[in-house]
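There are 2 protein chains.
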Amino acid sequence: MKILRIDTGRKKVTGEQVPDKYMRFGGRALTSRIISDEVPPTCHPLGPLNKLVVSTGLLGGTSAPNSGRISIGTKSPLTDGIKESNVGGRLGVAMARAGIRAIVLEGIPEDDSLYVVVVGPDGAVLDDASQWRGLGTYALADRLREKYGEKMCALCIGPAGEQRLAAASIMATDMDGNPSRAAGRGGTGAVLGAKGIKAIVMLPMPAVKTEYRDAGKFRETASLFARELAVAKKGLTTYGTAAMVAAANAVDGLPTRNYTSGAFERASEMDGQALHDRIVERGGKISRGCHPGCVIRCSNVYKDENGEYVTASLEYETMVMAGPNLDISDLDALAAYDRACDDMGLDTIDTGAALGVAMEMGLIKSGDSEAVLDAVYEVGKGTLLGRLTGSGVRVMGKVLGAWRVPEVKGQSTVAYDPRSFKGMGCAYATSPMGADHTSGPAIPGRGGLDPEKRFELTDAAGQVELTRDLQIMIAVCDSLGYCFFVGPDITNMKRSAVLLNAMYGWDMSYEDVLDLGVSTLNVEKEFNNRAGLGPGTDRLPDFFYCEKLPGSGRSFDISHEELKDMNYNL
Amino acid sequence: MKILRIDTGRKKVTGEQVPDKYMRFGGRALTSRIISDEVPPTCHPLGPLNKLVVSTGLLGGTSAPNSGRISIGTKSPLTDGIKESNVGGRLGVAMARAGIRAIVLEGIPEDDSLYVVVVGPDGAVLDDASQWRGLGTYALADRLREKYGEKMCALCIGPAGEQRLAAASIMATDMDGNPSRAAGRGGTGAVLGAKGIKAIVMLPMPAVKTEYRDAGKFRETASLFARELAVAKKGLTTYGTAAMVAAANAVDGLPTRNYTSGAFERASEMDGQALHDRIVERGGKISRGCHPGCVIRCSNVYKDENGEYVTASLEYETMVMAGPNLDISDLDALAAYDRACDDMGLDTIDTGAALGVAMEMGLIKSGDSEAVLDAVYEVGKGTLLGRLTGSGVRVMGKVLGAWRVPEVKGQSTVAYDPRSFKGMGCAYATSPMGADHTSGPAIPGRGGLDPEKRFELTDAAGQVELTRDLQIMIAVCDSLGYCFFVGPDITNMKRSAVLLNAMYGWDMSYEDVLDLGVSTLNVEKEFNNRAGLGPGTDRLPDFFYCEKLPGSGRSFDISHEELKDMNYNL
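Next comes the structure, spelled out in structure tokens:
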């Protein structure tokens, strides 16, 4: 496998074989190590010393189910700490099959040039993209297909990334070629923008044949894995992630009106059933996979009342952060918001959280979905309102003088109120990524590494240990290329050892697989410490402690002392 | 001596004698200890758990020269760490003479009420101030004098503080009653605003007689001290702090156009001589003291061409951060900027730095003094431009996607380019206060605690040790009530032991006096660590390392490894 390095200052591309020290790392394990090894932790995320690494997982390009996600790592302009954000689309599988483990972008241009990195059979080149300056990602995807062919796939940024806004996402073209998949969190799009790169395009390339050590064993294991996964996640296939709306609402854990409530009186207007019915009724699509090899297919295509495409992959977190959180229940409004954020290249989550604070502070009227949409599209105009909307919840809070600001390490909390989802609160507080629902998804039914232990969702007991275990298993998933829904699961961890050994001829035990997660988390935590994000940043905002949820009366009751300085070592 | 506590949530005032544990602390030593003891380090600065402490120094109200400054301490909304900012005016001396060591403001109101805290002979009361909402500090000072009499003195906030903007200052009425003195740094005004307090007013009060242990010795020592200080600082008396303009320019250390140069080609238009001549020519005032008992009298009153008052205390740091830093050399424009910031209740320094970034990023035209003035006055209108202008340089950098952002721990660097003023750079990087020129003022001629050692301003050698020593001595000054120009000086430290012993009957040695500084810095550093500002935040922005000053070719060359985790223990 190869690593491509692109110096965006000198417009120079070089290639190298993956060095020995990185041979056993992919995805997040690799992006975090390259960032830790090569980026000074105290550097400015938008300056010349930061890098951006795109890496396939160790199982990328194989028949292991849901293993084609791609990791994007950098020093985050949102958190000022290390970041990994992963995304679907075709690029991960395409890169892996072309024998490219990672692409590393370095430096920044001295002028305001804008380029597309084109990776093809003859290597990588930089094409001038100045004619596409300011384009939304949908228009850009059209131009990219025109120029590079229908079979290309791409990562790209919208106006938010070009303006280097801290909540800018990197969008990936989906299975239909639409830029609907987001590496949303942490402002990775701003780093790509700072490097003057509008898109990374992969042209169709001849596959590099993978030599499996034991192809039969791999195939057999992967096949069983895929069948079981498809069965286990059937609810997701039908209702998508929106299935969580009703569940979260029922446990008083649905962020509503900037976390002033955990229950939304109009939740049934925008829950999984409502979304499903609306999509089916209008001839949209449910049960869509986000990348080749997905057997869960939790995604969707949302159409308007005329049957025209609006957006794809309308997800739970988007629907909540722009829905109950903004006092909005209209599905069309939520779909329009999702489309707008994708088009501007903006994280739907941090943006929703920021607008929630803006509503509380009176900048935008509560529940005003048109004002919300306007604010997002202001990003495309480069106005101050747009820039503010795209700068994440912490900056919004600062500028508006708010103190009820739902964020950890500068990144917004997500669609699970930590007063009811206590383990999720622990993940928000302690993850090196800042508040992140994917880093340790303590939702009902989830357990840790001790199969005997059971956890009550809303009870503080054992949640710190639970989040540690979940974070470790998720870090493994992120390093293998798995989607989040392969999930923190002991059986799948064991299965992954079998797959890795059958593929690479390694001799990894279950414990070795877990250690991939532990060591990666330790690398990330150490980077953050060196960057200035000390253990004191492992905290939840104080309003989660001192304000009770009006329904259940719950507050967050796991102290900072218990949370800080998480020890990931098993 | 007493401590007044005001619960701004329940509108309740209580008084207590200074408890034994705080008897030997005043000023910064006391504010930092109360904040550290009573404020959870992880709390939101604008939330109910933060406090704001106003304290006189240990020598406040005495005949020790320049000892009447008042310290304001809190958890800073700008740095998210601990803050002490001190200021002149009459209030420090008035409080000390009335036997009040400190005022502690706690809680936040549940509604948007606005009050004046009135401290008088009968204790403290809260007066409704809602009629003064949005008033600039100059108009407010007029109202306060009308209502509370010409002899009142006050701390107050402008629109910036009411809007809880992170660069909001607390303004103090000066010797003429104008709100020209600023506790500028760290956003203390935002905390006062969050507590719904528009002003703290002291009415004339009967003096509480101080029982000196050895009044003769005190008088004799203070008198000699005052005479020597007046002689030593004669240049300041004539030219004010603006005397530094030419000196900094000569050593390539004058921040110019957002730190792209250390020399300003039009410096002579706005240096100490030019300011002096302009003031004298228009019948303004030079050689003004900022508080009763000042023998240096470095301040001034600036008038316009019609002889009308514009502003007072036009200082070096303001003149540089809004002058060369913004490519402006017109003294009238600088005076108007100072007046505008004072009136809006905004730190001239962080605001100047923020506008420097805004110019580099094209939001405001370089050198456009009218646009600068407009931006500051937008604060009074509550527009997004105003809010952004008042939110400090880090937020401005974030919103505009800049990477050349001159800040440490969220607070802007000041009027000394650290590539030439190397020791000042060390102070910026390591001070618990964030970048702060007063925390360890390594200007020419300054030495540390070893009188044999000499330091070259522009040479890296020994600067970490120098800044440690200077920070310790300055922390002592800040705790005794001294103005900054008493300065980090071994003789004055020894003299202070004599004064404290003669006043309080203590038995403090020179080492004990230094330990007051050391222990205070350690309390602050520990608070910051617990708040999440780890050793990694002890750094300068990377552009000071990787961009050379065009004149001297100097870069900052003291590594993060040398700077981080400063050990203040002697």
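If you're matching them up, the sequences are chains Y and F in order. For the first sequence, the numbering used here gives the first residue as 611, with consecutive numbering after it. For the second sequence, the numbering used here gives the first residue as 611, with consecutive numbering after it. Ideal Cβ placement from N, Cα and C applies to all residues, glycine included.
**Request:** My understanding is that LEU1124 (chain F) touches ILE1082 (chain F), with C-beta atoms under 8 Å, so please give their C-beta distance in whole angstroms.
**Result:** 6 Å between Cβ atoms; contact.
**Message:** If contact is defined by three or more beta carbon pairs under 8 Å, each pair taking one atom from either stretch, is the segment 1113 to 1128 of chain F in contact with the segment 1117 to 1131 of chain Y?
**Reply:** At 8 Å Cβ cutoff, the stretches do not touch.
**Request:** Find the residues of chain F that neighbour ASP960 (chain Y), judging by a C-beta separation of less than 7 Å, and give them in chain order.
**Result:** The contacting residues do not exist; ASP960 (chain Y) stays about 13 Å from chain F at best.
**Request:** Could you tell me which chain Y residues have their CB closer than 9 Å to the CB of ASP1152 (chain F), listed as they occur along the chain?
**Result:** Residues of chain Y passing the Cβ test: PRO650, THR652, CYS653, HIS654, GLY657, PRO658, LEU659.
**Message:** Suppose the cutoff is 8 Å on Cβ atoms and the five residues either side in sequence are ignored; what does the same chain contact list for THR652 (chain F) look like?
**Reply:** ARG1140, ALA1141, GLY1142, listed in sequence order.
**Request:** At 8 Å on the CB atoms, spell out the chain Y contacts of ARG1149 (chain F), in chain order.
**Result:** In chain order: THR652, GLY1142.
**Request:** Report all residues from its chain with a CB closer than 7 Å to the CB of GLY799 (chain Y); omit the five preceding and five following residues, and keep chain order.
**Result:** Cβ neighbours of GLY799 (chain Y) within its own chain (closer than 7 Å, five residues either side excluded): ILE767, ALA770, GLY771, ALA778, SER779, ILE780, GLY955.
**Separation of THR1147 (chain F) from MET931 (chain F), as counted between CA atoms** = Whole-angstrom Cα-Cα distance: 23 Å.
**Request:** Kindly indicate if chain F contains any beta-carbon less than 8 Å away from that of GLU1021 (chain Y).
**Result:** The residue asked about is misnamed: residue 1021 (chain Y) is Gln in this sequence, not Glu. No, GLN1021 (chain Y) does not count as interfacial toward chain F.
**Request:** Counting only the same chain and skipping the five closest in sequence on each side, list residues whose C-beta sits under 6 Å from that of LEU1173 (chain F).
**Result:** Excluding positions up to five away in sequence, the list reads ALA1039, THR1040, ASP1148.
**Pick from F:LYS757, F:ASP617, F:LEU640 that is closest to MET611 (chain F), judged by C-alpha positions** = Residue F:LEU640 is the option with its Cα nearest to MET611 (chain F).
**Item:** Spatial distance of ASN1179 (chain Y) from ASN676 (chain Y) (CA atoms)
**Value:** Whole-angstrom Cα-Cα distance: 27 Å.
**Request:** Work out the CA separation of LYS913 (chain Y) and MET1113 (chain Y) for me, nearest whole Å.
**Result:** LYS913 (chain Y) has its alpha-carbon roughly 41 Å from the corresponding atom of MET1113 (chain Y).
**Request:** Please check the pair PHE1095 (chain F) and LYS843 (chain F), which I expect to be a contact at CB under 8 Å, by giving their CB distance rounded to whole angstroms.
**Result:** PHE1095 (chain F) to LYS843 (chain F), Cβ: 6 Å. Contact.
**Prompt:** Pairing CB atoms from the segment 909 to 923 of chain F with CB atoms from the segment 957 to 974 of chain F, are three or more of them under 8 Å?
**Reply:** No: the two stretches stay apart, fewer than three of their Cβ pairs being nearer than 8 Å.
**Message:** Short of 8 Å in beta carbon distance, which residues of its chain neighbour VAL628 (chain F), apart from the five on each side in sequence? Order them along the chain.
**Reply:** For VAL628 (chain F), the CB contacts under 8 Å within the same chain, skipping 5 residues up- and downstream, are MET611, LYS612, ILE613, ARG711, ALA712 in chain order.
**Request:** Pull up the distance between the alpha-carbon of PRO1160 (chain F) and that of GLY872 (chain F), whole angstroms please.
**Result:** Cα to Cα, PRO1160 (chain F) sits roughly 8 Å from GLY872 (chain F).
**Item:** is_contact[LYS1008 (chain Y), chain F] using C-beta, thresh 8 Å
**Value:** Yes, LYS1008 (chain Y) counts as interfacial toward chain F.
**Asked** Considering SER646 (chain F), what are the terminal residues of the alpha helix (DSSP H) in which it resides?
**Response** According to the DSSP assignment, SER646 (chain F) belongs to the alpha helix (DSSP H) that extends over 637 to 648.
**Request:** Please list the residues of the segment 992 to 1003 of chain F that have a C-beta atom closer than 7 Å to any C-beta atom in chain C, keeping them in chain order.
**Result:** Checking the listed chains, one finds no chain C in this structure; the protein chains it contains are Y and F.
**Request:** Whole angstroms is fine: what's the gap from SER665 (chain F)'s alpha carbon to SER878 (chain F)'s?
**Result:** If you draw a straight line from the Cα of SER665 (chain F) to the Cα of SER878 (chain F), it comes to about 39 Å.
**Asked** To which residues of the same chain is ALA751 (chain Y) closer than 8 Å at the C-beta, ignoring the five residues directly before and after it?
**Response** ALA764, CYS766, THR783, GLY787, ASN788, PRO789, listed in sequence order.
**Item:** Length of the line joining the Cα atoms of TYR1155 (chain Y) and SER723 (chain F)
**Value:** TYR1155 (chain Y) and SER723 (chain F): Cα-Cα distance of roughly 24 Å.
**Prompt:** Taking Cβ to Cβ, would you say VAL911 (chain F) is nearer than 8 Å to GLY899 (chain F)?
**Reply:** Not a contact, by the Cβ cut-off of 8 Å.
**Closest Cα partner of ILE959 (chain F) within the set F:THR999, F:ALA981, F:LEU973** = Closest by C-alpha distance to ILE959 (chain F), out of F:THR999, F:ALA981, F:LEU973, is F:THR999.
**Prompt:** Any heavy atom of the ligand PLP within a distance shorter than 7 Å of the CB on ARG711 (chain F)?
**Reply:** In the structure on display, the ligand PLP does not appear, and there are no ligands present to speak of.
**Prompt:** LYS913 (chain Y) by DSSP, collapsed to three states: which one?
**Reply:** Strand.
**Asked** Taking the alpha-carbon positions, what's the TYR869 (chain F) to PRO1016 (chain F) distance?
**Response** One C-alpha to the other measures close to 8 Å.
**Continuous beta strand (DSSP E) assignments of at least 3 residues falling wholly in the segment 659 to 717 of chain F** = Taking 3 residues as the minimum length, the beta strand (DSSP E) runs contained wholly in the segment 659 to 717 of chain F are 662 to 666, 680 to 685, 692 to 697, 710 to 716, in order along the chain.
**Message:** Please give me, in chain order, every unbroken run of the alpha helix (DSSP H) with length at least 4 that falls completely inside the segment 944 to 972 of chain Y.
**Reply:** Here the runs fully enclosed are 958 to 970.
**Asked** Taking the DSSP output, what are the residues bridged to LEU736 (chain F)?
**Response** Here LEU736 (chain F) is bridged, per DSSP, to F:VAL727.
**Prompt:** What residue from F:ASN1102, F:ASN660, F:PRO1151 has the CA that sits closest to PHE1137 (chain F)'s CA?
**Reply:** With distances taken between CA atoms, PHE1137 (chain F) lies nearest to F:ASN660 out of F:ASN1102, F:ASN660, F:PRO1151.
**Asked** ALA739 (chain F) CB to nearest chain Y CB: under 8 Å?
**Response** Cβ-Cβ to chain Y under 8 Å: no for ALA739 (chain F).
**Rounded straight-line distance, which links the Cα of ASP937 (chain F) to that of ARG1164 (chain F)** = In a straight line, the C-alpha of ARG1164 (chain F) is about 21 Å away from that of ASP937 (chain F).
**Prompt:** What does a CB cutoff of less than 6 Å around ASP862 (chain F) pick up in its chain, not counting 5 residues either side in sequence?
**Reply:** Hits under 6 Å: GLY872, ALA873, SER1030, LEU1159, GLY1161, SER1162.
**Prompt:** Name the chain F residues whose beta carbon is nearer than 7 Å to that of GLN773 (chain Y)?
**Reply:** Per Cβ cutoff of 7 Å: GLY1011.
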